[in-house]
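S.K.: Protein sequence lines, in the order shown, are assigned to chains G and E.
Each residue of the first sequence is one higher than the last, beginning at 1 in our numbering.
Each residue of the second sequence is one higher than the last, beginning at 1001 in our numbering.
C-beta: ideal position from N, C-alpha, C; glycine also.
None of these values were measured; they are calculated from a predicted model.
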Amino acid sequence: MSINKETLIMILTRMWIIRNFELKVMEVHSAGEFSGAAHPYIGEEAVAVGACAALRDTDYIAGNHRSHGHPLAKGGSVKKAMAELYGRVDGYCKGKGGSMHLADFSIGILGESGIVASSVPVATGAALSAKVQGKDFVSMVFFGDGASNQGACHESMNMASVWNLPVIFLCENNQFAVTTSYEETVAVDHISDRASAYNMPGVLVDGQDAIAMYEATVAAVERARSGQGPTLIEGLTYRYEEHSLGLGRVRRGEYRTTDQIDQWRKRDPINIHEEYLINNNIASREECDSIASDSEKLVDEAVDFARNSPFPEPDELFEDMWANPIPRP
Amino acid sequence: MTQALFGEAINQATIEEMKRDERVFIMGEDIRRAVYGSTANLLAEFGEKRVLDTPLSENGFFGAAIGASLVGSRPIVETLTSFMWVAMDQLISQAAKMRYMFGGQATLPVVYRALMMYGGGAAAHHSDRSYPMFMNMPGIKIVVPSNPADMKGLLKTAVRDDDPVIVFEDGTLAGMRGEIPDGEYITPFGEANIIREGTDCTIVAIAGAVNHAISAAENLHKEGISVEVLDPRTLVPLDKETILNSVEKTGRLVVVDPAHKVCSAASEIASIVAQEGFWSLQAPIQKVASEQVHIPFTPSLEKLVYPDVTKISNAVKNTLED
């Protein structure tokens, strides 16, 4: 499969944006600049970035509680995302959504969801609409290994298959639902094995390899767009950080070893991609480094933007309840 | 004017709206063969793409309707109230909350038509009148028609509305025949219907309870008691002005609600009048709602649960005691 230079560079750029976004979020969150939970995507960048690189702007995605990587991978605004985490009026949702509810409908980001697997039926429905309306967009939903045990996932995969819908089920298997290993909770060896129960292709992909993610998703998108129906892709990956920043102070039992974390860090998705670019003479070390430092600047500017954006005024409390407003009770 | 059954009114509204707007499609369990009657002829008229029989996966297809509504479709979902419990995540976490939590970006023109199959031995698992629970959750408009004409006009409004709507269809009205206006009409949300004017007491009745309230009012009229009967028609939005104005005139209020009495629609209406219409009241507000028990199968017990003409008449008389 051919992948052009522009796409390869874009993949690196967006992975660096997500990495630096998350590192900055950890810093400012621990400094108390905003409250609430935030779930770092560090270590998993190749999954969303590789997958989203296979989509058009007119295609749709929906996501989950580990929520910053997906919109940034689809080209969302770093500033609006950061301002939303800060609860400011210039945030994606005017501060009403926060970390777990980033959305940008103008570029097909139908929103992240704090309830595990809850956006899977929604994305399936977007694909249903494509079919009913006879349009050629596809939709893709990101969900984790934990979500793969929710009925919403199974119901959606079955529906998508019987209706032959243009949807890609993208399981980000980071191997732990908070502290519980997927090996203890999933009855098959791989989540992608479940695809056979729904008569759709199930593809297990190295989730640390952005190009592998891209290629698997391109094939799934082609299938979807040409009316051949859904695909389940499992990107096997790992989260470097704890489940959530909000839970970081809670003392918990051990559930994974330092050795395991170190082993996964050695397969860092950004390193893997940079090595590929350099070894294949697509970009130099210096070019890669400058992409990294540019993304750092972008994130710093986003933090400035967020800090300087005002909180919503009190009268904003009652806005956005209704498309066709009704009197307040 | 022509006569139509409640289900025929639903059918007419659906066909008219699907003809009017190609973005409208309908999905649900067994709707192609119209097991509940109101989706008759849709498959022949509109084809398989716009008339979808779903798997028994309520959480899945309730959510799929939401997703479809976000990207240009206007789905109608047919279901029973009692099946909504297994789809609560999609109804609450997504349909109700999505627009607000995304700062107004999401527009969800989706209609859930939920049949309340109570009063006929359906027992505890199929007899839910659950609209008060959804009143408690901001973000969903709630429609409770009490006759065929309103059913048709309100369903057409629901399909055209850009927010999530649940239309609670009262199964006790299935055999009700009523006059339907000729030609195109819609019934707006948030406008109560003054069904009968009176001066001594106001009855606000919901859905199937409206007919019982009318009967009670007719009986009481023979005893010289003049009762005003209001049908709010929608609970979200609720036309509290018409209710408060009526209570200002009559000084007395009975609220009749087929839902369980605790935190019911009746509770909310009573609390509004207690807070905003207190100085009009000449007697304590009476709430006539379902007993706080599950729906028993046996007819001898089930009939004791719901508001009926006798309970309503007694409540009106209570407000008139010195």
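Would you check if the region 46–54 of chain G and the region 210–220 of chain G touch, i.e. whether three or more CB-CB distances between them fall below 8 angstroms?
M.R.: Segments in contact, yes.
S.K.: Rounded to the nearest angstrom, how far is the Cβ of E:Val-1111 from that of E:Ile-1076, given a contact under 8 angstroms?
M.R.: 5 angstroms
S.K.: Here's the rule: buried if 16 or more other CB atoms are within 10 angstroms of the residue's CB, otherwise exposed. What is E:Gln-1292?
M.R.: exposed
S.K.: Is there at least one Cβ from chain G nearer than 8 angstroms to E:Asn-1059's Cβ?
M.R.: yes
S.K.: By DSSP, does E:Asn-1290 sit in helix, in strand, or in coil?
M.R.: Asn is not the amino acid found at residue 1290 of chain E; the sequence shown has Ser there. Reduced to three states, the DSSP call for E:Ser-1290 is strand.
S.K.: Scan the region 1044–1058 of chain E for residues whose Cβ lies nearer than 8 angstroms to a Cβ of chain G and list them as they occur along the chain.
M.R.: Answer in chain order: Lys-1049, Arg-1050, Leu-1052, Thr-1054, Pro-1055 and Ser-1057.
S.K.: For G:Thr-124, go through chain E and note every residue whose CB falls closer than 8 angstroms to its CB, in chain order.
M.R.: Gly-1060, Gly-1063, Ala-1064 and Gly-1067
S.K.: Is it right to say G:Ser-290 is buried, meaning 16 or more other beta carbons lie within 10 angstroms of its own, or is it exposed?
M.R.: G:Ser-290 is exposed by the Cβ-count criterion.
S.K.: Does any C-beta atom of chain G lie closer than 8 angstroms to the C-beta of E:Met-1101?
M.R.: yes
S.K.: Rounded to the nearest angstrom, what separates G:Thr-237 and G:Ala-48 at their Cα positions?
M.R.: 11 angstroms
S.K.: Any beta carbon of chain E sitting closer than 8 angstroms to that of G:Ile-61?
M.R.: It does not: the Cβ of G:Ile-61 has no partner Cβ on chain E nearer than 8 angstroms.
S.K.: Can you grab the Cα-Cα spacing for the pair G:Asn-280 / G:His-273, in whole Å?
M.R.: 11 angstroms
S.K.: Going along the chain, which unbroken runs of the beta strand (DSSP E) with 3 or more residues stay wholly within the region 211–239 of chain G?
M.R.: 231–236
S.K.: Name the chain E residues that come within less than 7 angstroms of G:Gln-133, Cβ to Cβ?
M.R.: Gly-1072 and Ser-1073
S.K.: Nearest to E:Val-1204 by alpha carbon, out of E:Thr-1157, E:Ile-1312 and E:Lys-1156?
M.R.: E:Ile-1312
S.K.: In chain order, what are the residue ranges of uninterrupted alpha helix (DSSP H) at least 4 long that sit wholly in the region 34–86 of chain G?
M.R.: 45–52, 69–73 and 78–85
S.K.: In angstroms with no decimal places, state the Cα-to-Cα distance between E:Pro-1148 and E:Met-1001.
M.R.: Straight-line Cα distance between these residues: approximately 12 angstroms.
S.K.: Residues in its own chain within less than 7 angstroms of E:Ala-1274 by CB, not counting five upstream and five downstream?
M.R.: Ile-1285
S.K.: Mind pulling the chain E residues with CB within less than 9 angstroms of G:Gly-144?
M.R.: Chain E residues near G:Gly-144: none, gap ~16 angstroms exceeds 9 angstroms.
S.K.: Which residue's Cα is closest to the Cα of G:Asp-294: G:Phe-21, G:Asn-164 and G:Asp-193?
M.R.: G:Phe-21
S.K.: Among G:Val-132, G:Gly-69 and G:Glu-254, which residue has its Cα nearest to the Cα of E:Phe-1025?
M.R.: G:Val-132
S.K.: For E:Ile-1107, which residues in chain G fall below 8 angstroms Cβ to Cβ?
M.R.: Note that residue 1107 of chain E is Thr in the sequence shown, not Ile. Under the 8 angstroms cutoff, chain G gives Ala-323.
S.K.: Tell me whether E:Cys-1201 sits in a helix, a strand or coil according to DSSP, three-state version.
M.R.: strand
S.K.: Taking E:Gly-1190 and G:Asp-320 to be in contact with their CB atoms under 8 angstroms, please state how far apart those CB atoms are, rounded to whole angstroms.
M.R.: Their Cβ separation, rounded to whole angstroms, is 19 angstroms, which puts E:Gly-1190 and G:Asp-320 out of contact at 8 angstroms.
S.K.: Cβ of E:Pro-1258 within 8 angstroms of Cβ of E:Pro-1307?
M.R.: yes
S.K.: According to the neighbour-count rule (16 or more other Cβ atoms, all chains shown, within 10 Å of its Cβ), is G:Phe-142 buried or exposed?
M.R.: Here G:Phe-142 is buried. Its C-beta has 16 or more other C-beta atoms within 10 Å.
S.K.: Output needed in chain order: residues of the region 63–78 of chain G with a Cβ under 7 angstroms from some Cβ in chain E.
M.R.: none
S.K.: Using C-beta distances below 6 angstroms, list every residue in its chain close to E:Ala-1065, excluding the 5 sequence neighbours before and after it, in chain order.
M.R.: Pro-1075, Val-1077 and Val-1110
S.K.: Below 8 angstroms CB to CB, which residues in the same chain sit around G:Phe-318 once its five sequence neighbours on both sides are set aside?
M.R.: Closer than 8 angstroms at the Cβ level, and outside the excluded window around G:Phe-318, lie Arg-328.
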